[in-house]
Amino acid sequence: MATTLATVEAREVLRCEHCGLVQFRTSNSMCRRCHKPLEIEEPEALVPPFSHDAPDCEEEGIQVARAVRNIRRERKLSQRQLAGRMQVPRTYISKIENGKAVPTLSSLERLAQALEVDICALLRDARSRRYEETTAILADPFLKEIAPYVSRMDAYQRSIFLNQVRDMAMGRRKTA
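Residue numbers (our numbering): 666 to 841.
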């Protein structure tokens, strides 16, 4: 299933169709990341070297790459500074942030220490982020008070309510 990208000094460069990893052909013709078989397709089905056909688990799954980048930026650290704290090459940090490398558990622990956060901050999934966002919204006393009423409204009533709130926020008054 893999697509042959090039042949470099008699070594075949392939992209795994399953996980998108670009790699040299292994001796057992199995992908190094997902361990699925690498099969050669016909030459006319070549994939450009930088297209990324990996499955997108970012939306609902664990987003280590995004968490590392966001926390590093919040701490006002460059990739080089973070790499120095971890004693790894800067390119390793770049690969983690771009989703090209998946850090091991020990690397995650070192990342957390270097970023001065709990390891859980790097492993938050979409569900926990939604919970935190909801909690932050409901911290507002007004929104907390109207939430039970809004949940009882149908779509039409919500639309009317939202339009009225918009009009009030824009300084426009409706007369009855």
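Glycine residues also receive a C-beta, built at the ideal position from the N, C-alpha and C atoms.
Please list, in chain order, all residues of the same chain as residue i whose beta carbon is under 6 angstroms from its beta carbon, the five residues on each side excluded.
{"i": "Glu762", "result": "Ala730, Val733 and Arg734"}
{"i": "Leu803", "result": "Lys809"}
{"i": "Arg775", "result": "Met751"}
Quick one: is residue i buried, meaning 16 or more other Cβ sit within 10 Å of its Cβ, or exposed?
{"i": "Ile736", "result": "buried"}
{"i": "Gly726", "result": "Here Gly726 scores only 43 on pLDDT, less than 50, and its place in the model should not be relied on; the value that follows carries that caveat. Exposed, by the Cβ-count rule."}
{"i": "Leu827", "result": "exposed"}
{"i": "Val830", "result": "exposed"}
{"i": "Pro702", "result": "exposed"}
{"i": "Glu707", "result": "The predicted position of Glu707 is uncertain, since its pLDDT is 34 and thus under 50; a value taken from the coordinates is nonetheless stated next. The residue is exposed, with fewer than 16 neighbouring Cβ atoms inside 10 Å."}
Would you tell me roughly how many angstroms separate the C-alpha atoms of residue i and residue j, rounded to the nearest one?
{"i": "Val753", "j": "Arg745", "result": "9 angstroms"}
{"i": "Cys699", "j": "Thr800", "result": "37 angstroms"}
{"i": "Leu747", "j": "Met833", "result": "47 angstroms"}
{"i": "Ser824", "j": "Pro813", "result": "16 angstroms"}
{"i": "Arg755", "j": "Asn693", "result": "31 angstroms"}
{"i": "Arg740", "j": "Gln822", "result": "44 angstroms"}
{"i": "Asp805", "j": "Ile811", "result": "10 angstroms"}
{"i": "Met835", "j": "Phe807", "result": "18 angstroms"}
Considering only the beta carbon of each residue, do residue i and residue j sit closer than 7 angstroms?
{"i": "Met818", "j": "Ala779", "result": "no"}
{"i": "Glu677", "j": "Arg690", "result": "yes"}
{"i": "Ala777", "j": "Leu788", "result": "no"}
{"i": "Ile758", "j": "Leu773", "result": "no"}
Mind checking who residue i pairs with in its DSSP beta bridge?
{"i": "Gln844", "result": "In the structure displayed, the chain extends from 666 to 841; residue 844 sits before or after that span and is not available."}
{"i": "Pro702", "result": "Met695"}
Please work out which residues of its chain come closer than 7 angstroms, Cβ to Cβ, to residue i, disregarding the five sequence neighbours upstream and downstream, and give them in chain order.
{"i": "Arg697", "result": "Leu686, Gln688 and Thr691"}
Tell me which residues share the same chain as residue i and place their Cβ nearer than 8 angstroms to its Cβ, disregarding the 5 neighbours each side in the sequence.
{"i": "Lys760", "result": "Ala766"}
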